[in-house]
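J.: Residue numbers (my numbering), protein chains in the order written: chain A, 543 to 828; chain B, 2 to 288.
Attaching a single structure in structure tokens format; questions to follow.
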Amino acid sequence: MLFIDLLVQGLIQGSSYALIAVGLTLVYGLLRILHVAHAGLFTLGAYIAVVVTNTLGSFWLAAVIAPPIVGLAGMLVYRLLYEPILDQPPFVPLIASIGLFICMEEGFRLIFGPYGNSFDEAPFSASLSFGPVYMQGVEAATVVIAFVLLGALAVLAARTRLGTAWRASVTDPQMAQSFGIDIVKVRYLNFFIGSALAAVAGVLVALLNNFVEPTLGSVPSYKMLAIIVLGGLGNVKGTLVAALALGVLESFGTIYAGHLIDRDAIAFLFLIIVLMVRPQGFFGKA
Amino acid sequence: MGAYELSLLTLIGINVMLALSLNLITGFCGQISLGHAAFYGVGAYTGAMLTTSGQPFLLALVVAALFAAVAGVIVGLASLRVREDFLAITTMGVGFLFLGVVRQQEWLGGELGISQIPETGLGDGGFIMLVVGATALVFAASVYLKRTWMGFAFDSIADDEDTARTVGIDVARYKLTAFAFGTAIAGIAGCLYAHYARIIVPDAFGFTVSITILAMVVVGGIGSTIGVTIAAVVLTLMPELFRFVNDYKLLLYGGLLLLTMRYSPQGFAGLVRQAAAKARSKSEATP
Numbered sequence: 543m544l545f546i547d548l549l550v551q552g553l554i555q556g557s558s559y560a561l562i563a564v565g566l567t568l569v570y571g572l573l574r575i576l577h578v579a580h581a582g583l584f585t586l587g588a589y590i591a592v593v594v595t596n597t598l599g600s601f602w603l604a605a606v607i608a609p610p611i612v613g614l615a616g617m618l619v620y621r622l623l624y625e626p627i628l629d630q631p632p633f634v635p636l637i638a639s640i641g642l643f644i645c646m647e648e649g650f651r652l653i654f655g656p657y658g659n660s661f662d663e664a665p666f667s668a669s670l671s672f673g674p675v676y677m678q679g680v681e682a683a684t685v686v687i688a689f690v691l692l693g694a695l696a697v698l699a700a701r702t703r704l705g706t707a708w709r710a711s712v713t714d715p716q717m718a719q720s721f722g723i724d725i726v727k728v729r730y731l732n733f734f735i736g737s738a739l740a741a742v743a744g745v746l747v748a749l750l751n752n753f754v755e756p757t758l759g760s761v762p763s764y765k766m767l768a769i770i771v772l773g774g775l776g777n778v779k780g781t782l783v784a785a786l787a788l789g790v791l792e793s794f795g796t797i798y799a800g801h802l803i804d805r806d807a808i809a810f811l812f813l814i815i816v817l818m819v820r821p822q823g824f825f826g827k828a
Numbered sequence: 002m003g004a005y006e007l008s009l010l011t012l013i014g015i016n017v018m019l020a021l022s023l024n025l026i027t028g029f030c031g032q033i034s035l036g037h038a039a040f041y042g043v044g045a046y047t048g049a050m051l052t053t054s055g056q057p058f059l060l061a062l063v064v065a066a067l068f069a070a071v072a073g074v075i076v077g078l079a080s081l082r083v084r085e086d087f088l089a090i091t092t093m094g095v096g097f098l099f100l101g102v103v104r105q106q107e108w109l110g111g112e113l114g115i116s117q118i119p120e121t122g123l124g125d126g127g128f129i130m131l132v133v134g135a136t137a138l139v140f141a142a143s144v145y146l147k148r149t150w151m152g153f154a155f156d157s158i159a160d161d162e163d164t165a166r167t168v169g170i171d172v173a174r175y176k177l178t179a180f181a182f183g184t185a186i187a188g189i190a191g192c193l194y195a196h197y198a199r200i201i202v203p204d205a206f207g208f209t210v211s212i213t214i215l216a217m218v219v220v221g222g223i224g225s226t227i228g229v230t231i232a233a234v235v236l237t238l239m240p241e242l243f244r245f246v247n248d249y250k251l252l253l254y255g256g257l258l259l260l261t262m263r264y265s266p267q268g269f270a271g272l273v274r275q276a277a278a279k280a281r282s283k284s285e286a287t288p
């Protein structure tokens, strides 16, 4: 049953990728900024989960306050860092974002220590079995939560007034503005939702590993860039597919090609091949 | 100078070469690269493999430059296909790919890297002369290049690729040339580093290093040879001179990247130019 186990592990990993990557692709869709520091917000979410649970004794409290706090932090990043440099060439916000991300990682290291933190008592340790497939409760929860939240986001974007405003701002910001859409508000909301989703992923990953360290976001930060490019920048559905595909590809790749290439490099191999064949990404418009 | 100062001088030389070589690609020709450490790594591994198997150092130095340039041209081909954001991600990917592959190769020493790299045979003094000489050469070539027709072509591509193409500049050829030169210099720097440290591990060529090099270029002022050189010297010296900076080295680099991009995207050189322009307009206003 190795095949099914690998597939399931891949989907679990892919779900957490999807939760992080979706915020990144939303930001790119709206502002054409590669928001590397997004992974720092993801790490912040994970730290809030562990630290709040350990000090106040309630995991649920931590899980409830992490998304809004990180969402606000995301809005702050937009306001203080990106807004003043929106008219600069694209490498300016990208490098600024990398700088911020490094500062955040170092900040975590200084505040929470370099060796990482764990839950004093792991909140959930139940495991489930579906026929031959065996998984931890938290793993199942990750998949379910990812699908529910991203499904809700899709409905929000497609069916509501707010979603329409968002899509209009992506397609043509000036036209949207002249139709009375407050695009600044849309941007704030965009950062809030994207960052809050990253925080959810952070909480889940903290549970999955029962461990948070300052560099938790390092690998995801750059891997997420690969995912959103593969998914066609700004394309939520494509990002979801790319995230799941990458999760599965990695879990198989580690077993069958692990002696040739590092697990974390698989994403980039895939990315480079795809970009060379289709420079607009896998699901991007030609 | 004592042994410590000499070793510091070597390190400064290597970093200046790295920063100027990236400046050639990103500054002069406008092609952003977030994976420059990979070419540094190609040079280091090539050089180390050759000299540990008994080949002379100078041959290793030439082959290291050649290998790095070949890798650079291949990555340069990517710059013909994708631009700006996408190129940034692609080059970043190349960096991760290099590391991911090298780590798993037994014949390259895997995670442990290559140790017991032999001496160059030039003696300590000779080696430092070589590093300083090479650095001076790269600096001079950088200044000279800017005044040639090629420097002008690079400029026009960095400014507006499509317009450059319209006026008949062979964009593809110049981009590849920039990548070839820039990465060859990085390869030389890598080979020098390998024989300076006498041991290399994959992590010495990781993303953090790419970002460190980029920080030197960006803080100094993208495209400014003097600005980039000064930034490379200062950023190399700072963690060495002030021990407390060493603990927060990454914080310093990250913070500098952030603040430079936020407040002065043209870097230190840009600030100087602005101040000079202001002084000039003031002196013109008061006859």
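Beta carbons: idealized from backbone N, C-alpha and C, even for Gly.
Determine the closest residue to Leu25(B) out of Pro240(B), Met217(B) and Phe269(B), with distance taken between C-alpha atoms.
T.: Along the second sequence, one-based indexing puts residue 25(B) at 24. Leu25(B) has its Cα closest to that of Met217(B), out of Pro240(B), Met217(B) and Phe269(B).
J.: In the stretch 86-113 of chain B, which residues sit with their C-beta less than 8 Å from some C-beta in chain A, listed in chain order?
T.: Asp86, Phe87, Ala89, Ile90, Thr91, Met93, Gly94, Val95, Phe97, Leu98, Leu100, Gly101, Val102, Arg104 and Gln105
J.: Beta-carbon separation of Ser558(A) and Ala699(A) under 8 Å?
T.: Within the first sequence, the letter at position 16 stands for residue 558(A). Within the first sequence, the letter at position 157 stands for residue 699(A). Cβ distance not < 8 Å, so Ser558(A) and Ala699(A) don't count as in contact.
J.: Since Val83(B) meets chain A, which of its residues come closer than 7 Å, beta carbon to beta carbon?
T.: Counting from one through the second sequence, the residue named residue 83(B) turns up at place 82. Near Val83(B) (Cβ distances below 7 Å), the residues of chain A are Leu817 and Pro821.
J.: Count the other CB atoms, across all protein chains shown, that sit within 10 Å of the CB of Phe153(B); report buried if there are 16 or more and exposed otherwise.
T.: Against the second sequence, residue 153(B) aligns to sequence position 152. Phe153(B) should be labelled exposed.
J.: From the beta carbon of Leu772(A), is the nearest beta carbon of chain B less than 8 Å away?
T.: As a position in the first sequence, residue 772(A) is number 230, starting the count at 1. At a cut-off of 8 Å, the C-beta of Leu772(A) has no neighbouring C-beta in chain B.
J.: Go ahead and pull the three-state DSSP assignment for Asn596(A).
T.: On the first sequence, residue 596(A) is found 54 positions in, with the first residue counted as 1. Note: Asn596(A) maps to helix in three-state DSSP.
J.: With respect to the beta strand (DSSP E) encompassing Tyr764(A), which residues constitute its N-terminal and C-terminal limits?
T.: Counting from one through the first sequence, the residue named residue 764(A) turns up at place 222. Counting along the chain, Tyr764(A) falls outside any beta strand (DSSP E), though it belongs to the alpha helix (DSSP H) covering Ser760 to Leu772.
J.: Buried or exposed, going by whether 16 or more other CB atoms sit within 10 Å of the CB of Tyr570(A)?
T.: By 1-based counting over the first sequence, the position of residue 570(A) is 28. Around the Cβ of Tyr570(A), a 10 Å sphere holds 16 or more other Cβ atoms; the residue is buried.
J.: Going by other Cβ atoms of all chains shown within 10 Å of its Cβ, with 16 needed for buried, is Leu98(B) buried or exposed?
T.: On the second sequence, position 97 is the one that residue 98(B) refers to. Burial call: buried.
J.: Does the beta carbon of Gln551(A) sit closer than 8 Å to a beta carbon anywhere in chain B?
T.: Counted from its first residue, the first sequence places residue 551(A) at position 9. With 8 Å as the cut-off, Gln551(A) does not count as an interface residue toward chain B.
J.: Nearest-angstrom Cα distance between Gly127(B) and Ala187(B)?
T.: Position 126 of the second sequence, counted from the first residue, corresponds to residue 127(B). Position 186 of the second sequence, counted from the first residue, corresponds to residue 187(B). Cα-Cα distance, rounded: 21 Å.
J.: My assumption, with CB atoms under 8 Å, is that Val612(A) sits in contact with Ala741(A). Please give the rounded CB distance.
T.: Sequence index remark: in the first sequence, residue 612(A) carries index 70 (1-based). Sequence index remark: in the first sequence, residue 741(A) carries index 199 (1-based). Val612(A) to Ala741(A), Cβ: 4 Å. Contact.
J.: To the nearest angstrom, how far is the alpha carbon of Asp547(A) from that of Ser720(A)?
T.: Taking the first residue of the first sequence as 1, we reach residue 547(A) at position 5. Taking the first residue of the first sequence as 1, we reach residue 720(A) at position 178. Their backbone Cα atoms lie some 52 Å apart in a straight line.
J.: Could one say the Cβ of Val219(B) lies closer than 8 Å to chain A's Cβ atoms, at least one of them?
T.: Taking the first residue of the second sequence as 1, we reach residue 219(B) at position 218. Taking Cβ atoms only, chain A reaches closer than 8 Å to Val219(B), which makes this a yes.
J.: Can you list, in chain order, the residues of its chain with a C-beta nearer than 8 Å to that of Ala181(B)? Leave out the 5 residues immediately preceding and following it.
T.: Residue 181(B) sits at position 180 when you count from the first residue of the second sequence. Around Ala181(B): Ala70, Gly73, Val74 and Gly77.
J.: Rounding to the nearest angstrom, what Cα-Cα distance links Leu775(A) and Thr567(A) in this structure?
T.: As a position in the first sequence, residue 775(A) is number 233, starting the count at 1. As a position in the first sequence, residue 567(A) is number 25, starting the count at 1. Cα to Cα, Leu775(A) sits roughly 6 Å from Thr567(A).
J.: Using the three-state DSSP reduction, which class does Leu750(A) fall into: helix, strand or coil?
T.: Taking the first residue of the first sequence as position 1, residue 750(A) is located at position 208. Correct three-state label for Leu750(A): helix.
J.: Indicate whether at least one CB of chain E lies closer than 8 Å to the CB of Ala79(B).
T.: Of the protein chains in this structure, namely A and B, none is chain E.
J.: Does the stretch 82-97 of chain B come close enough to the stretch 205-213 of chain B that 3 or more CB-CB pairs lie under 8 Å?
T.: yes
J.: Tell me whether Asp547(A), by its Cβ, gets closer than 7 Å to a heavy atom of the ligand NAD.
T.: Judged by which ligands are present, the structure shown has none, so any question about the ligand NAD falls away.
J.: Are three or more beta carbon pairs between the stretch 654-670 of chain A and the stretch 742-761 of chain A nearer than 8 Å?
T.: A contact exists between the stretch 654-670 of chain A and the stretch 742-761 of chain A.
J.: Determine whether the beta carbon atoms of Thr585(A) and Phe672(A) lie at a separation below 8 Å.
T.: Locating residue 585(A) in the first sequence gives position 43, where the first residue counts as 1. Locating residue 672(A) in the first sequence gives position 130, where the first residue counts as 1. Against a cut-off of 8 Å, the Cβ pair of Phe672(A) and Thr585(A) comes out as no contact.
J.: Find the nearest neighbour of Phe654(A) within the set Gly795(A), Ala768(A) and Thr757(A), judged by alpha-carbon distance.
T.: Translated into positions along the first sequence, residue 654(A) becomes position 112. Of Gly795(A), Ala768(A) and Thr757(A), the residue nearest in Cα terms is Thr757(A).
J.: Please report the straight-line C-alpha distance between Ala828(A) and Gly565(A), rounded to a whole angstrom.
T.: Translated into positions along the first sequence, residue 828(A) becomes position 286. Translated into positions along the first sequence, residue 565(A) becomes position 23. Because Ala828(A) sits at a pLDDT of 40, beneath the cut-off of 50, its placement in the model cannot be relied upon, and the following sentence gives the value as read from the coordinates. Taking the straight line joining both Cα atoms gives about 23 Å.
J.: Taking the runs of the alpha helix (DSSP H) that are 4 residues or longer, which of them lie wholly in the stretch 160-227 of chain B?
T.: 162-167, 172-198 and 208-221
J.: Using 8 Å as the Cβ pair cut-off and three pairs as the minimum, do the stretch 627-634 of chain A and the stretch 251-258 of chain B touch?
T.: no
J.: So, does the CB of His801(A) fall closer than 8 Å to a CB anywhere in chain B?
T.: Working through the first sequence from its first residue, we reach residue 801(A) at position 259. It does; some Cβ of chain B falls within 8 Å.
J.: Helix, strand or coil: which one does DSSP assign to Phe29(B)?
T.: Taking the second sequence and counting its residues from 1, the one referred to as residue 29(B) is at position 28. When DSSP states are grouped into helix, strand and coil, Phe29(B) belongs to the helix group.
J.: Gly44(B) and Gly191(B) - do their beta-carbons sit closer together than 8 Å?
T.: Residue numbering aside, residue 191(B) sits at position 190 when the second sequence is read from its first letter. Residue numbering aside, residue 44(B) sits at position 43 when the second sequence is read from its first letter. Yes, Cβ-Cβ distance for Gly191(B) and Gly44(B) is below 8 Å.
J.: Which one of Ile769(A), Leu786(A) and Ile797(A) has the shortest CA to CA distance from Leu817(A)?
T.: Looking up residue 817(A) in the first sequence gives position 275. Nearest option by C-alpha distance: Ile769(A).
J.: So, at 7 Å on beta carbons, what are the nonlocal neighbours of Tyr624(A) in its own chain, with the 5 sequence-adjacent residues on each side left out?
T.: Indexing the first sequence from 1 puts residue 624(A) at position 82. Correct list, in chain order: Leu573, Ile575 and Pro635.
J.: In the structure shown, what three-state DSSP assignment does Asn777(A) receive?
T.: Your numbering for residue 777(A) matches position 235 in the first sequence. Looking at Asn777(A) - three-state DSSP - the assignment turns out to be coil, as it is neither helix nor strand.
J.: Residues of chain A with CB under 9 Å from Tyr145(B), in chain order?
T.: Here residue 145(B) corresponds to residue number 144 of the second sequence, with the count starting at 1. Here the premise fails: no neighbours, minimum Cβ distance about 26 Å.
J.: Taking the DSSP output, what are the residues bridged to Leu670(A)?
T.: As a working note, residue 670(A) is residue 128 in the first sequence. DSSP lists Met677(A) as partners of Leu670(A).
J.: Considering Phe643(A), what are the terminal residues of the alpha helix (DSSP H) in which it resides?
T.: Counting from 1 along the first sequence, the entry for residue 643(A) is found at position 101. Counting along the chain, the alpha helix (DSSP H) containing Phe643(A) begins and ends at Phe633 to Phe654.
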